[in-house]
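Those letters in the sequence shown? Residues 1 to 175, per our numbering, in order.
Encoded as structure tokens, the structure appears first; notes follow it.
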Amino acid sequence: MDIYYIKISELLNKYPKDEIFSYSDTDKILSEKRYIQHCAGRFLVKNICKRIYNINNPQIVTLNKKPRLANGEINFSLAHSADYVVCVFDKNICGIDLEYMRPVNIEGMSKRYNKNFESIEDFYKFWTNYEASIKLGSGGEFEYNSIFQKEYYLTLLSASKMPSTPVFIDFLKIY
1 MDIYYIKISE LLNKYPKDEI FSYSDTDKIL SEKRYIQHCA GRFLVKNICK RIYNINNPQI
61 VTLNKKPRLA NGEINFSLAH SADYVVCVFD KNICGIDLEY MRPVNIEGMS KRYNKNFESI
121 EDFYKFWTNY EASIKLGSGG EFEYNSIFQK EYYLTLLSAS KMPSTPVFID FLKIY
């Protein structure tokens, strides 16, 4: 299982905004930042489908508030935070979350969630696991946690056991 990612600022330097916006599949625009993240995520998913999985016309639909491929050939999970979008594909259901590790009050968060967080990484491991489990929607057989690009925390959950550690692939560097 590979984790593909895009740095949004690099995507916008490589492609015009209008081209990135053409990947939108929503009328709901909360803010320009969120809209760009949404479009960048769709760009990533659709291009991976075409170039890696040979799915010529990937259609993304929403099922139970989660994006899925209409043909159901393969499952994916998508997350974005600040300047990055990450995506993972698997034959089984999976969930991924990414959070920029901004400073938080560890003591306050420990009280709020009735946990004993010892570090910012400890809190973000809890939080990204929580978010990824919502995307997974069921119990996971595999959990992978990692610091990503020094300032982000990432959690990947899968309904199946993984044969190896996921590999991070910068999509813009290979395509």
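Glycine is no exception: its CB is placed at the ideal position from the N, C-alpha and C atoms.
Here Val45 carries a helix assignment [DSSP, helix/strand/coil]. Going by C-alpha positions, Tyr100 is about 27 Å away from Val61.
Distance from the CA of Lys33 to the CA of Val86, rounded to the nearest whole angstrom, comes to 16 Å. The region 149–165 makes contact with the region 80–99: 3 or more CB pairs, one atom from each, lie closer than 8 Å. Residue pairing for Ser158: DSSP places it in a beta bridge opposite Cys94, Phe142. One thing to note: Lys7 has its Cβ no nearer than 8 Å to the Cβ of Tyr113. The DSSP-derived three-state label of Ala79 is strand. Annotated as proximal: Pro166 and Ile3, with beta-carbon spacing under 8 Å.
With contacts defined by Cβ atoms closer than 8 Å, Tyr5 and Phe171 form a contacting pair.
Per DSSP, the unbroken alpha helix (DSSP H) holding Phe126 starts and ends at 120–136. With contacts defined by Cβ atoms closer than 8 Å, Ser81 and Tyr152 form a contacting pair. By the neighbour-count criterion, in which a residue is buried when 16 or more other Cβ atoms sit within 10 angstroms of its Cβ, Asp18 is exposed.
Straight-line spacing of the CA atoms in Val88 and Glu107 works out to 33 Å. The beta-bridge partner set that DSSP reports for Ile147 consists of Tyr153. Within the same chain, Cβ atoms closer than 8 Å to the Cβ of Ile29 are found at Tyr35, the five residues on either side in sequence being excluded.
Apart from sequence neighbours up to five positions away, the residues of its chain that approach Cys49 with a beta-carbon distance below 6 Å are Ile55, Pro58, ordered along the chain.
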